[in-house]
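Scroll down for the structure; my scribbles are underneath it.
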Amino acid sequence: MQADSDLEGLRKEVGNCKRCSLWKNRKNVVFGEGPENASIFLIGLGPGRNENLFGKPFIGAAGKFLNHLLALAGLSRKEVYITSVMKCYLPKNKATKEQINACKRYLDRQLEIIKPSIIIPLGNVALQYVSEKFNVGFDRISKIHGKLFNAKASWGEIKIIPMYHPAAALRNGALRKTLEKDWKKLRSVVLK
Ligand code: SF4
Numbered sequence: 003m004q005a006d007s008d009l010e011g012l013r014k015e016v017g018n019c020k021r022c023s024l025w026k027n028r029k030n031v032v033f034g035e036g037p038e039n040a041s042i043f044l045i046g047l048g049p050g051r052n053e054n055l056f057g058k059p060f061i062g063a064a065g066k067f068l069n070h071l072l073a074l075a076g077l078s079r080k081e082v083y084i085t086s087v088m089k090c091y092l093p094k095n096k097a098t099k100e101q102i103n104a105c106k107r108y109l110d111r112q113l114e115i116i117k118p119s120i121i122i123p124l125g126n127v128a129l130q131y132v133s134e135k136f137n138v139g140f141d142r143i144s145k146i147h148g149k150l151f152n153a154k155a156s157w158g159e160i161k162i163i164p165m166y167h168p169a170a171a172l173r174n175g176a177l178r179k180t181l182e183k184d185w186k187k188l189r190s191v192v193l194k
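In terms of the working numbering, the sequence shown is residues 3 to 194.
So, in structure tokens, the structure goes:
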């Protein structure tokens with residue numbers, strides 16, 4: 003089977019998922035979007051209100067800011083794959099350990115189908131997932147944001163570049179400049 007059909011099959015599977023109670027709140031599963039051969043793979047926490055309504059990741063204010071950050075790195079949404087640890091609406095913007103454990107299998111499979119060479123976890127929950135999946139110990143995000151880590155995936159060598167979640171800058175304006183600086187630095191990595 004081609005990667006294409008694997009990903010579409012997985013999307014359908016997630017659409018019917020009731021593995022945790024979050025399915026009760028969802029209007030649309032937010033599976034992820036981007037090219038199936040993307041080399042850059044972004045991971046957020048999970049859908050908010052707008053994402054739930056439209057079934058797309060990172061729309062609304064945080065999405066707009068993410069588009070701006072991608073542009074600073076010389077990238078556009080069309081070139082990267084964007085998804086999240088959780089696929090159903092998080093009314094309080096939080097997921098329990100049990101919910102994460104129930105859902106992370108889908109992110110595992112997305113990664114294994116797409117096989118990106120650069121993974122960018124956005125915020126602490128995604129960072130924790132990446133740490134466990136690729137067996138890399140990270141310090142707190144406040145210490146390691148924007149830094150590059152080498153790791154080994156089942157499909158080969160990868161780079162992990164942890165970033166603050168774009169929504170963090172909307173809550174705390176002081177982080178805006180930090181995020182912009184980190185994403186500008188990313189330009190030299192993605193152009194290699
Ligand atoms: S959040 Fe994930 S595990 Fe829970 S119902 Fe939705 S798709 Fe299934």
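Think of the CB as a built atom: it goes at the ideal place given N, C-alpha and C, for glycine as much as any other residue.
If the five residues before and after S78 are omitted, its C-beta is found closer than 7 Å to the C-beta atoms of L72, all from its own chain and listed in chain order. Beyond the five residues adjoining it in sequence on each side, L12 comes within less than 6 Å, by CB distance, of R111 in the same chain, given in chain order. If you draw a straight line from the Cα of G148 to the Cα of V87, it comes to about 20 Å.
For K29, the distance from the CB to the nearest heavy atom of the ligand SF4 is not below 6 Å. Spatial neighbours of L188 in its own chain (CB-CB distance under 6 Å, excluding positions within 5 residues in sequence) are listed in chain order as A75.
Judged by DSSP in its simplified three-state form, E159 adopts strand. Residue environment for L150: exposed (fewer than 16 other C-beta atoms within 10 angstroms of its C-beta). The criterion of a C-beta distance shorter than 7 Å is not satisfied by I45 and I120. Of all alpha-carbon atoms in V132, M165 and S144, the one lying nearest the alpha-carbon of A155 is that of V132. Between the ligand SF4 and L109, a heavy atom-to-CB distance of less than 6 Å is absent. Residue state for I61 is assigned as coil, using DSSP reduced to three classes.
Rounded to whole angstroms, the separation of the alpha carbons of V191 and F136 is 20 Å. In this structure, DSSP gives S119 a state outside helix and strand, which the three-state scheme calls coil. When C-beta atoms of the stretch 99-113 are compared with those of the stretch 60-68, fewer than three pairs fall below 8 Å, so the two segments do not count as touching. Per DSSP, the continuous beta strand (DSSP E) segment holding L44 begins and ends at I42 to G46. Burial is judged here by how many other beta carbons sit within 10 angstroms of a residue's own beta carbon; W157 has fewer than 16 and is exposed. Restricting attention to alpha helix (DSSP H) runs no shorter than 4 residues, the stretch 142-190 encloses them at 143-146 and 168-173, ordered along the chain. Annotated three-state conformation of S86 is strand, per DSSP. For L113, no pairing in a beta bridge is given by DSSP. The continuous alpha helix (DSSP H) containing A128 extends over residues N126 to F136.
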